[in-house]
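Sequential numbering of the first sequence, starting at 43, is according to this note's numbering. Glycine included, C-beta positions come from ideal geometry on N, C-alpha and C.
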Amino acid sequence: MRQPTYYELVYAVVKLIPRGRVSTYGAIADFLALGSARMVGWALNKSYTAGGVPAHRVVNRRGELSGRNHWPSPSMMQEMLEQEGVSVEDNRVKDFGRLFWSPAELGENFEIHI
DNA sequence: TGTTTGACCACGG
DNA sequence: GCCGTGGCCAAAC
43 MRQPTYYELV YAVVKLIPRG RVSTYGAIAD FLALGSARMV GWALNKSYTA
93 GGVPAHRVVN RRGELSGRNH WPSPSMMQEM LEQEGVSVED NRVKDFGRLF
143 WSPAELGENF EIHI
């Protein structure tokens, strides 16, 4: 075995975002307490296709789909969110304040599954 | 090996 | 509300 790399930690957290909710780069970075929000975005860039990581549930702090341009199609991210019941309007998550989910809700019981 | 690059964020003016 | 700046640190080159 080896130590999980930073982006594997990010994937693990992103996978825990509940269906129909969204989280932010900053919240994840803050929860991991390792670095910065930029690294979270960078990590997702490397692996938005790395099996089973719901990267579409991660948006920036204003609820904007800042990563949409990195998808095979820019509209794909929005479509996936809407499939889960998250309304998106003008590249922004509608009712972002209500749908926002913080990994801090997990408490201290966070386990990594790689 | 040093430098550059990021799907960002908080802060000050 | 906008704009510039600094911070953050792993990977790529």
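- Taking the CA atoms as reference points, residue 76 sits about 31 Å from residue 115.
- Taking a cut-off of 8 Å on C-beta distances, the segment 58-68 touches the segment 132-144, as three or more cross pairs fall below it.
- Secondary structure note for residue 60: it is in no alpha helix (DSSP H), with a DSSP letter that is neither H nor E.
- When the five nearest sequence neighbours on each side are left out, the beta carbons in the same chain lying within less than 6 Å of the beta carbon of residue 85 are those of 49 and 52, in order along the chain.
- Residue 117 carries a helical assignment under DSSP once its states are collapsed to helix, strand and coil.
- Cβ contact annotation for residue 127 (same chain, cutoff 7 Å, sequence separation greater than five): 62, in chain order.
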